[in-house]
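There are 2 protein chains.
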Amino acid sequence: MIDLLKTRRTIRKYTSAPVDDALLNRLLDASARTQTMGNLQLYSVVVTRDEEMKRRLSPAHFGQPMVMQAPVVLTICADFNRTSEWCRNRKAVPGYDNLLSFINAASDALLYTQTFSCLAEEAGLGVCYLGTTVYQPQQIIDILGLPRLVMPIATLTVGWPDEVPALSDRLPMAAFVHDERYHDYSPADIDRYYTPKEALPENRHFVAVNNKETLAQVFAEIRYTKKDNESLSQLFLDTLRKQGFLE
Amino acid sequence: MIDLLKTRRTIRKYTSAPVDDALLNRLLDASARTQTMGNLQLYSVVVTRDEEMKRRLSPAHFGQPMVMQAPVVLTICADFNRTSEWCRNRKAVPGYDNLLSFINAASDALLYTQTFSCLAEEAGLGVCYLGTTVYQPQQIIDILGLPRLVMPIATLTVGWPDEVPALSDRLPMAAFVHDERYHDYSPADIDRYYTPKEALPENRHFVAVNNKETLAQVFAEIRYTKKDNESLSQLFLDTLRKQGFLE
Chain D
1 MIDLLKTRRT IRKYTSAPVD DALLNRLLDA SARTQTMGNL QLYSVVVTRD EEMKRRLSPA
61 HFGQPMVMQA PVVLTICADF NRTSEWCRNR KAVPGYDNLL SFINAASDAL LYTQTFSCLA
121 EEAGLGVCYL GTTVYQPQQI IDILGLPRLV MPIATLTVGW PDEVPALSDR LPMAAFVHDE
181 RYHDYSPADI DRYYTPKEAL PENRHFVAVN NKETLAQVFA EIRYTKKDNE SLSQLFLDTL
241 RKQGFLE
Chain G
248 MIDLLKTRRT IRKYTSAPVD DALLNRLLDA SARTQTMGNL QLYSVVVTRD EEMKRRLSPA
308 HFGQPMVMQA PVVLTICADF NRTSEWCRNR KAVPGYDNLL SFINAASDAL LYTQTFSCLA
368 EEAGLGVCYL GTTVYQPQQI IDILGLPRLV MPIATLTVGW PDEVPALSDR LPMAAFVHDE
428 RYHDYSPADI DRYYTPKEAL PENRHFVAVN NKETLAQVFA EIRYTKKDNE SLSQLFLDTL
488 RKQGFLE
């Protein structure tokens, strides 16, 4: 898998070929071998294939075209509902309506998501991870009918690739690996690690079309702004409370 | 990888053979091909090999023997510090001291963790995921010197396997995959999905030695109790605030 990974790219355009049920189920099932807290498997996956359901999910993902275009959309959820139901049916009182339990379930769900992603790519499928899942979770909850103690945490669009996008860059390993203790970043470190990224033609273009002076400004002032992050944080917190994870 | 995954087990006992630096670095580097928010790579990995550092980390993980026994311990952190430093060095004002940004960075970190896990197992290494990382994060922060906007989220112990534990069970796929909409669990569903697990000799033994009536009681009343979850939730929230993610 390591060789495959070195040339992996996120796929946003899919052919019209369907994703076979048997293949999808094989991948969903095998991914469950992922490590999980106390072997409780604190996640659920909602599979969307229906056109009308995709149309309803689309605005929650800001209309990103992958949602409509992909034959399969997976919404992976942190799920303490099933385990709590199990407890209630077995003379046990569940105590999972709290922040730590959300973190535990979200961790399980994200590890599962990434195993699925690796397996799907190994099978030749293309996937795109939609970070928008945590921006307007309430919409997704309403559309998919997620009960208390279930929170959507990741979305993958899945299909057969209809593009070969350029390989995206990554920071050098020294930028994110620390030996024994965290070494904070000096201005010289920042220059060393980020200058190659900033010098890429696609990033220079990105800065130019956005009328900014630096690549960091495109991120901080347009793509992921303080104002948006703060209002989305409040939405996320409200939804976490509504789903029962902050009792 | 799918065949490998089907027989994967968490490894808690390691031989005394060291993990070669070149191999470890190859895996740490390749794992960075994982999808990441805006290609920002919102994570850092602290590599612990030093005996004294392992000894100091051990209590944060409740003395689980893997920490001392494994040649390598990786602490994977949600990291918005590096990106914020980049912004400050590039005439941009970062706005990532909020809950959504923590969720984004934690997601990046967990996806990276799982890719690393898959690659390490493919290379023949054994890994154990320590969920204890989020129980006493402040201890880990102090030991590893993690600055503001860096939060430990996962720990992997890594080494060459010195055991072949039994394959652990998993729920049937129907228990966690939902078609189009979430279907809540009836008592009959719970029976269907959980009875095989409850009937396993190791789980019956687990119930017996703990003097409980049901397996769910062992989880809810001993392993992951409401009381513990609530006090650990408060600790987690306090640490998240101290690390600057709740401004």
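Residue numbers (this note's numbering), protein chains in the order written: chain D, 1 to 247; chain G, 248 to 494.
Cβ coordinates follow ideal geometry from the N, Cα and C atoms, glycine included.
Quick caveat: nothing in here was measured; it's all calculated off a predicted structure.
Limits of the unbroken alpha helix (DSSP H) element including residue i
i, result
"Asp191(D)", "Pro187 to Ala199"
"Ser44(D)", "Not the alpha helix (DSSP H): Ser44(D) falls in the beta strand (DSSP E), residues Tyr43 to Thr48."
"Ile323(G)", "Careful: Ile323(G) lies outside any alpha helix (DSSP H), inside the beta strand (DSSP E) at Val319 to Asp326."
"Asp3(D)", "Ile2 to Lys6"
"Glu298(G)", "Glu298 to Leu304"
"Asn272(G)", "Asp268 to Ser278"
"Gln464(G)", "Leu462 to Val465"
"Met420(G)", "Neither: Met420(G) is in no alpha helix (DSSP H) and is coded neither H nor E."
"Gln316(G)", "Met313 to Gln316"
Three-state secondary structure (DSSP) of residue i
i, result
"Ala339(G)", "coil"
"Thr262(G)", "coil"
"Ala413(G)", "coil"
"Gly406(G)", "strand"
"Asp179(D)", "strand"
"Asn39(D)", "helix"
"Leu493(G)", "coil"
"Asn345(G)", "coil"
"Phe206(D)", "helix"
"Asp355(G)", "helix"
"Thr281(G)", "coil"
"Thr257(G)", "coil"
First and last residue of the uninterrupted beta strand (DSSP E) at residue i
i, result
"Thr486(G)", "Not the beta strand (DSSP E): Thr486(G) falls in the alpha helix (DSSP H), residues Lys473 to Lys489."
Alpha carbon of residue i to alpha carbon of residue j, nearest angstrom
i, j, result
"Pro196(D)", "Ala123(D)", "33 angstroms"
"Phe62(D)", "Thr132(D)", "8 angstroms"
"Thr36(D)", "Trp160(D)", "29 angstroms"
"Met1(D)", "Glu247(D)", "42 angstroms"
"Met315(G)", "Glu298(G)", "7 angstroms"
"Arg255(G)", "Cys375(G)", "11 angstroms"
"Arg170(D)", "Ala463(G)", "44 angstroms"
"Ala208(D)", "Leu240(D)", "39 angstroms"
"Leu232(D)", "Ser107(D)", "20 angstroms"
"Asp189(D)", "Tyr440(G)", "52 angstroms"
"Glu445(G)", "Arg204(D)", "58 angstroms"
"Leu270(G)", "Met151(D)", "37 angstroms"
"Arg49(D)", "Ala30(D)", "20 angstroms"
"Ile386(G)", "Arg82(D)", "Sequence check: residue 386(G) is Gln here, not Ile. Taking the straight line from one Cα to the other gives about 32 angstroms."
"Tyr382(G)", "Leu289(G)", "21 angstroms"
"Asp253(G)", "Ser433(G)", "Reading the sequence as shown, one finds Lys at residue 253(G) and not Asp. Using only the alpha carbons, I get a separation of about 29 angstroms."
"Lys489(G)", "Val19(D)", "46 angstroms"
"Ser168(D)", "Val93(D)", "48 angstroms"
"Ser58(D)", "Thr155(D)", "12 angstroms"
"Arg280(G)", "Asp228(D)", "27 angstroms"
"Asp438(G)", "Thr461(G)", "13 angstroms"
"Gln234(D)", "Ala264(G)", "49 angstroms"
"Phe236(D)", "Phe483(G)", "17 angstroms"
"Ala307(G)", "Lys301(G)", "10 angstroms"
"Arg337(G)", "Thr472(G)", "47 angstroms"
"Ala193(G)", "Ile258(G)", "Only positions 248 to 494 of chain G appear in the structure, and residue 193(G) is not among them; the question remains open."
"Phe200(D)", "Asp21(D)", "Looking at the sequence provided, one finds Leu at residue 200(D) rather than Phe. If you take the alpha carbons of Leu200(D) and Asp21(D), they lie about 41 angstroms apart."
"Lys459(G)", "Cys87(D)", "13 angstroms"
"Ala352(G)", "Val292(G)", "13 angstroms"
"Val109(D)", "Val218(D)", "The identity of residue 109(D) in the sequence shown is Ala, whereas the question assumes Val. Taking the straight line from one Cα to the other gives about 31 angstroms."
"Leu74(D)", "Leu28(D)", "10 angstroms"
"Gly563(G)", "Ser331(G)", "Residue 563(G) falls outside the range modelled here, since chain G spans only 248 to 494, and no answer is possible."
"Met66(D)", "Pro312(G)", "46 angstroms"
Closer than 7 angstroms: residue i CB and nearest the ligand ZN heavy atom
i, result
"Cys324(G)", "Questions concerning the ligand ZN fall outside what the structure shown contains, since it holds no ligand whatsoever."
Practice task
Write down every uninterrupted run of the beta strand (DSSP E) in the stretch 114-157 of chain D whose length is 3 residues or greater and which is fully enclosed by it, in chain order.
Solution key: 126-130
Practice task
Could you say if the stretch 111-120 of chain D and the stretch 349-362 of chain G meet the contact criterion of at least three C-beta pairs nearer than 8 angstroms?
Solution key: yes
Problem - Stretch-stretch touch, CB-based, cutoff 8 angstroms, three pairs: the stretch 342-349 of chain G with the stretch 318-331 of chain G - result: yes
Handout entry: Cβ contact check for the stretch 172-183 of chain D and the stretch 387-401 of chain G: 3 or more pairs under 8 angstroms
Key = yes
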